[in-house]
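In the numbering used here, the protein residues as written are 510 to 671. All C-beta atoms in this analysis are idealised placements derived from N, C-alpha and C, irrespective of residue type, glycine included. Taking it in order: structure first as structure tokens, then the write-up.
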Amino acid sequence: MQTTRPFRILGIQQVAIGGADKAPLRKLWVDLLGLTPHGTYRSERENVDEDIVTAGAGPFKVEVDLMQPVDPEKKPRVHETPLNHVGLWVDDLPVAVRWLESQGLRFAPGGIRKGAAGHDICFIHPKGSERFPFGGEGVLIELVQAPREVIAAFDTLSAAGH
Numbered sequence: 510m511q512t513t514r515p516f517r518i519l520g521i522q523q524v525a526i527g528g529a530d531k532a533p534l535r536k537l538w539v540d541l542l543g544l545t546p547h548g549t550y551r552s553e554r555e556n557v558d559e560d561i562v563t564a565g566a567g568p569f570k571v572e573v574d575l576m577q578p579v580d581p582e583k584k585p586r587v588h589e590t591p592l593n594h595v596g597l598w599v600d601d602l603p604v605a606v607r608w609l610e611s612q613g614l615r616f617a618p619g620g621i622r623k624g625a626a627g628h629d630i631c632f633i634h635p636k637g638s639e640r641f642p643f644g645g646e647g648v649l650i651e652l653v654q655a656p657r658e659v660i661a662a663f664d665t666l667s668a669a670g671h
């Protein structure tokens, strides 16, 4: 078992929040808290209709996805629980997935694919299994391939001692 981690987590890329109706979420996050609307995403396959809003600026801007199900009777139930998942920037997604699997971490079905924001993504399953004993300890975690500008900004801040 290799113990030297061959990748870095650079920061939080997104937080996804679900509700039966995204209108109250938009009222809170946009109207009251002042996050900036950025776009929308809808997928029948993923059973999600979301508004994408952002906080912050530059390469460390954080995306907040306000999600409701396309069909509340189908899975995945993006509105149960309200905090759906947390997304983390990673500097080398394929290397991270290979290494984490070799350490016994379970990934959700679907593998590496394009996400709503256009970045390559994959999900760590909330629970371990017999074959892969480690999971997200009850939390769905999205690993997101960081673009070059995020990696460069992280390296600049790290070199400056921040």
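{"Query": "Beta-carbon gap between E572 and A626 smaller than 8 Å", "Result": "yes"}
{"Query": "Cβ-based burial, D664 [other Cβ within 10 Å; buried from 16]", "Result": "exposed"}
{"Query": "Integer Cβ distance of P635 from V648, believed to fall under 8 Å", "Result": "6 Å"}
{"Query": "Paired residues, beta bridge with H594 - DSSP", "Result": "A525 and L649"}
{"Query": "Of the listed residues H588, T512 and Q522, nearest to I719 (C-alpha basis)", "Result": "With the chain covering 510 to 671 only, the question about residue 719 has no answer from this structure."}
{"Query": "Alpha helix (DSSP H) runs wholly inside the stretch 531-607, at least 4 long, in chain order", "Result": "531-535"}
{"Query": "Minimum C-alpha distance to T512 - residue among L537, G645, L575 and G613", "Result": "G613"}
{"Query": "Helix, strand or coil at F643 according to DSSP, with G and I counted as helix", "Result": "strand"}
{"Query": "N-terminal and C-terminal residue of the beta strand (DSSP E) that I630 is part of", "Result": "D629 to I633"}
{"Query": "Beta carbon proximity, Q523 to chain D, threshold 8 Å", "Result": "Judged by its chain identifiers, the structure shown contains no chain D, having just a single protein chain."}
{"Query": "Three or more C-beta pairs below 8 Å linking the stretch 549-556 and the stretch 577-589", "Result": "yes"}
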